[in-house]
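Under the working numbering, the letters of the sequence shown match residues 174 to 475, in that order.
Cβ coordinates follow ideal geometry from the N, Cα and C atoms, glycine included.
These figures come from a predicted structure and were not determined experimentally.
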Amino acid sequence: MSHRLSTTSSIGFLFENVTSTKQNSTVLIFNTIHFGIVVAKLLILCYIQTVSKLLCVILLNFVTVLYTAGHCFSVCFAMTTAHRATFVPAHGGTGKNEGDLSKLSKQYSSRDMPSHTKIKYRQHSQGHADELRNRDFRRELEDRERNTGSKRRPENNYDDPSSYSHDKKVRYEKVSYRNPDDDDPSICEEDDDSNDSDEDDETAQLMAELERIKKEREAERKEEEAKRKAEEERVRVENILRGNPLLTSNKQDFRVQRRWDDDVVFKNCAKGIDEKRKNQPAFINDALRSEFHRKFMEKYIK
């Protein structure tokens, strides 16, 4: 009986495999062979009654072994490779030593190659040591400084009108035009005395003008100081008068103004607050305490 049950389950399994659309041709062939073996097994069990029991058991075990081997072989051929998705790409190729992952690659970038492997020295006309050995740097430096100074201080050529600068005023030196034939020393002394007296007069006039300017500025400063003090005194007295409420003629209201959130929903909900504010028309964001609701309740409910 147990052999018949196992055979029936095997037939169902084989029929399921035969009708499956996902099996390839090799699997279908092996399943067909298995189906034939099982059918032969059933014929032996059902129709051969004259064979001894021992022979039947041996035949059944042989058929079972053949079926098991064929089924395992078909399963091995039909096994998927989804569980080892990265196994084949890891080989990297089928050539020689391409499957060895531990081997270093022979490919390298051109930028990784060794460069500048030799020391470069200065050539001639590039400041070579032989050229610098015979040069007098101090003399060259002094010559450059001298040439630079002469360029910065051009000669004043008064005869050439093109040398005049429009940005700078040229100040001429005073030249005394004296007759070279006149050798009288008394005339020279008189001229010197007159020049000295003129210079003294000019100096005195300048000092007097400077003193007058100083006095005017001092007077202006004192006047501005007096005006500033008067303005400060006026502001101070005005602040004192306005700060004292008894001296002010206009009466001012010193009460604190109402806050913007004085009539919100959950504020001032104590008993007696609404009675105090009956005569104050105000908007309340509460339907139960609004003026319209109060009048409606007094008119229709009370």
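**OP:** For the alpha helix (DSSP H) containing ASP303, list its first residue and its last residue.
**Re:** Along the sequence shown, read from residue 1 onward, the residue named residue 303 stands at position 130. Looking at the DSSP string, the run of the alpha helix (DSSP H) that includes ASP303 is 302-306.
**OP:** Could you spell out where the alpha helix (DSSP H) holding ARG319 opens and where it closes?
**Re:** The residue given as residue 319 occupies position 146 in the sequence shown. Secondary structure note for ARG319: its alpha helix (DSSP H) is the uninterrupted segment 310-325.
Original post:
Taking just the CA atoms, how far does GLU318 sit from LEU383?
Top reply: Locating residue 383 in the sequence shown gives position 210, counting from the first residue. Locating residue 318 in the sequence shown gives position 145, counting from the first residue. In this model, LEU383 and GLU318 are separated by some 45 Å (Cα to Cα).
Subject >> Pair within 7 Å by beta-carbon distance, ARG308 and HIS301 >> reply: Within the sequence shown, residue 308 is the residue found at index 135, counting from 1. Within the sequence shown, residue 301 is the residue found at index 128, counting from 1. For ARG308 and HIS301, no; Cβs fall outside 7 Å.
Original post:
Just the Cα atoms here: how many angstroms apart are LYS468 and ARG415?
Top reply: Locating residue 468 in the sequence shown gives position 295, where the first residue counts as 1. Locating residue 415 in the sequence shown gives position 242, where the first residue counts as 1. Answer to the nearest angstrom: the Cα atoms are 47 Å apart.
Subject >> Alpha-carbon to alpha-carbon, ARG401 and ALA392 >> reply: Taking the first residue of the sequence shown as 1, we reach residue 392 at position 219. Taking the first residue of the sequence shown as 1, we reach residue 401 at position 228. Straight-line measurement puts the Cα of ARG401 at about 14 Å from the Cα of ALA392.
Subject >> Inter-residue spacing [alpha-carbon to alpha-carbon] between GLN299 and PHE310 >> reply: The residue you call residue 299 lines up with position 126 of the sequence shown. The residue you call residue 310 lines up with position 137 of the sequence shown. Going by the C-alpha atoms only, they are around 16 Å apart.
Original post:
Excluding the five sequence neighbours on either side, which residues of its own chain have a C-beta within less than 8 Å of the C-beta of SER282, listed in chain order?
Top reply: Along the sequence shown, read from residue 1 onward, the residue named residue 282 stands at position 109. Answer for SER282: no residue qualifies.
Original post:
Which stretch, first to last residue, makes up the alpha helix (DSSP H) that contains LYS468?
Top reply: Here residue 468 refers to the residue found at position 295 when the sequence shown is read from its first residue. Residues 464-473.
Original post:
Whose C-beta lies closer than 7 Å to the C-beta of ASP164 among residues of the same chain, with five residues either side of it excluded?
Top reply: Since the first residue of the chain shown is 174 and the last is 475, residue 164 is not available in this structure.
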